[in-house]
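76 is the number that our numbering gives to position 76 of the sequence shown; each next residue is one higher, with no gaps.
Everything on this sheet refers to the single structure shown next.
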Amino acid sequence: MVADEVRNLAKRVQTSTDEITTMVSTLQSGTRDAVDFMQESSFKADECVQQAKEAGEALAAIAGAVAQMRESNTQIAVAAQQQSQVAEEMNRAVVSIRDVTERTVVQTVDSASTSDELAMLAGELNAAIGQLKL
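Here it is as C-alpha cells:
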C-alpha cells in the first residue's frame, strides 16, 4: 500500500513536473515573444525619431523658403512702388511737354499771323515808297 501511494505520488510529481515544464516552456516562449516585440518596437521608435528629425529639417527648410519669398515679395512691392512713382513723374513730364507744345503752337500761329501782317505792311510800305519815287 505504501508502494501504491509512492507510485501515485510519483505519478502526481511527474504530472506536476510535466505541467511545470510546460508552464516554463510557455513562459520562456512568451518572454522570447516579448523580447522580439520590444526589439521591433525599439526599431520602429528609432525610425519614428529619424522621420521626426527629417520632418523637422523639412519644416525648417520650408520656413527658410517662406522667409525668402516674403523678402522677395517685399522687394517686388518696393520696386513696384518705385516704378509707380517714376510713371507718375513721367506722366507729369509728358503733360508738361504737351502744355509747352500747345503754347508753342499758339505762339507759332501768332507769329505766322504777325508775319502775314508784316508782309502786308511791307507790301503797303513798298507801294507807298513806289508812289513817292514817282
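Note that beta-carbon positions come from the ideal geometry of N, C-alpha and C, so glycine has one too.
Legend entry - Own chain residues within Cβ distance below 7 Å of residue 176, not counting five before or after: No answer is possible for residue 176: the residues shown for the chain start at 1 and end at 134.
Inset, instruction - Answer yes or no: does any C-beta atom of chain C fall closer than 8 Å to that of residue 15? - result: Looking for chain C here will not work: only one protein chain is present.
Inset, instruction - Please go through the stretch 64-90 and give each complete alpha helix (DSSP H) segment of 4 or more residues, from N-terminal end onward. - result: none
Legend entry - Separation of residue 85 from residue 61, as counted between CA atoms: 36 Å
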